[in-house]
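S.K.: Here you go, one structure.
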Amino acid sequence: MRTRIKICGITTPDTLVAVLNAGADACGFMFYPPSPRALTPEAARPLAARGPHLLKVGVFVDADDALIGAAVAAGALGALQLQGAEGPARVAELQARFGLPVWKAVGVKTAADVATAARSFAGADLLLLDAKPPEGVTLPGGNGLRFDWRILNEAKPAMPWGLAGGLTVETVGEAIRLTGAPLVDVSSGVESAPGVKDVAKIGAFVEAARRA
């Protein structure tokens, strides 16, 4: 199976077109105001109208049902990604309420962290493994940090999963070869500044992932 590719933090029409032209599988709309990649549901609406066959994933951090519901409707979302402190019960609740796949992002550092996350969130539709944010960092993801991918040799989840954190044009091939990740998720790794996607980097990232 080829690795699926998600470009997260899309905020402009030109970068969404770049995702489509590059042949990525999914894009992420960030509904979290403190993020430099944040969108409101209404800002997501014109983006969602492009590329009807592209999977649009809404990214949320401890969001309430009102925000999620508005984002689902405006953003034509095909999946919900939970990036905050949401627990297994919240995953199940949102699956039932919205009838959409729910992805749970978890920060990991060790093989034990991966195993614990896979047990705790076995009911999620996908487990997204990211690097644990350092102390004092307010954003739960998109920090450009990576964990030691070799830990997945001994703790690969027995459920659908993806890899995030520290992925760039230069590192994505190595990440896929080392881990066999079914999905890779990039945000800051294809930016020229925080929240500013680089069209050329998007294309180069997808090409590098496809070559791996």
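Each residue of the sequence shown is one higher than the last, beginning at 3 in the numbering used here. Every residue gets a Cβ at the ideal spot worked out from N, C-alpha and C, and that includes glycine. On a predicted model such as this, the values are computed, not experimentally measured, just so you know.
In three-state terms, what does DSSP make of K8?
M.R.: If DSSP states are grouped into helix, strand and coil, K8 belongs with the strands.
S.K.: In this structure, does DSSP put K134 in helix, strand or coil?
M.R.: Coil at K134, not helix or strand.
S.K.: Out of curiosity, what's the CA-to-CA distance linking E193 and E172?
M.R.: So the alpha carbons of these two residues sit roughly 13 Å apart.
S.K.: Could you tell me which of R52, R212 and F33 sits nearest to G86, measuring between CA atoms?
M.R.: That would be F33, whose Cα lies nearest to the Cα of G86.
S.K.: Would L165 pass as a contact of V198 if the rule is Cβ separation under 7 Å?
M.R.: Their beta carbons are not under 7 Å apart, which means L165 does not touch V198 by this criterion.
S.K.: Indicate whether the contact test is met: 3 or more Cβ pairs, each with one atom in the region 106-120 and one in the region 146-157, closer than 8 Å.
M.R.: Taking 8 Å as the limit for Cβ pairs, the verdict is that the region 146-157 does touch the region 106-120.
S.K.: How many Å lie between G2 and N23 at the Cα?
M.R.: This structure leaves residue 2 out entirely; the chain is present only between 3 and 214.
S.K.: Let me check understanding here. Comparing Cα to Cα, which of M161, P162, V174 and P135 lies closest to W151?
M.R.: Per the Cα distances, V174.
S.K.: Please check the pair A73 and P43, which I expect to be a contact at CB under 8 Å, by giving their CB distance rounded to whole angstroms.
M.R.: Confirmed, about 5 Å.
S.K.: Between which two residues does the alpha helix (DSSP H) carrying E156 extend?
M.R.: Per DSSP, E156 belongs to the alpha helix (DSSP H) from L154 to A157.
S.K.: Below 7 Å between beta carbons: does that hold for A94 and G125?
M.R.: Contact: yes.
S.K.: Return yes when the C-beta of G125 is under 6 Å from any heavy atom of the ligand MG, and no when it is not.
M.R.: Inclusion of the ligand MG in the displayed structure is not the case, the ligand content being empty and no account of it being possible.
S.K.: Assuming the contact rule is C-beta atoms closer than 8 Å, K106 and L131 should be a hit. Round their C-beta distance to whole Å, please.
M.R.: No, K106 and L131 are not in contact; Cβ-Cβ is about 10 Å, not under 8 Å.
S.K.: When you compare the CB positions of T13 and I178, do they come within less than 7 Å of one another, or not?
M.R.: For T13 and I178, no; Cβs fall outside 7 Å.
S.K.: The alpha helix (DSSP H) with S194 in it runs from where to where?
M.R.: Unbroken run through S194 is the beta strand (DSSP E), E193 to A195; no alpha helix (DSSP H).
S.K.: Anyone know if the C-beta pair for K58 and G77 falls short of 7 Å?
M.R.: In this structure, G77 lies closer than 7 Å to K58 by Cβ.
S.K.: Based on the DSSP secondary-structure assignment, which residues constitute the bridge partners of A60?
M.R.: Note that residue 60 is Gly in the sequence shown here, rather than Ala. G60 is bridged to F31 and L82.
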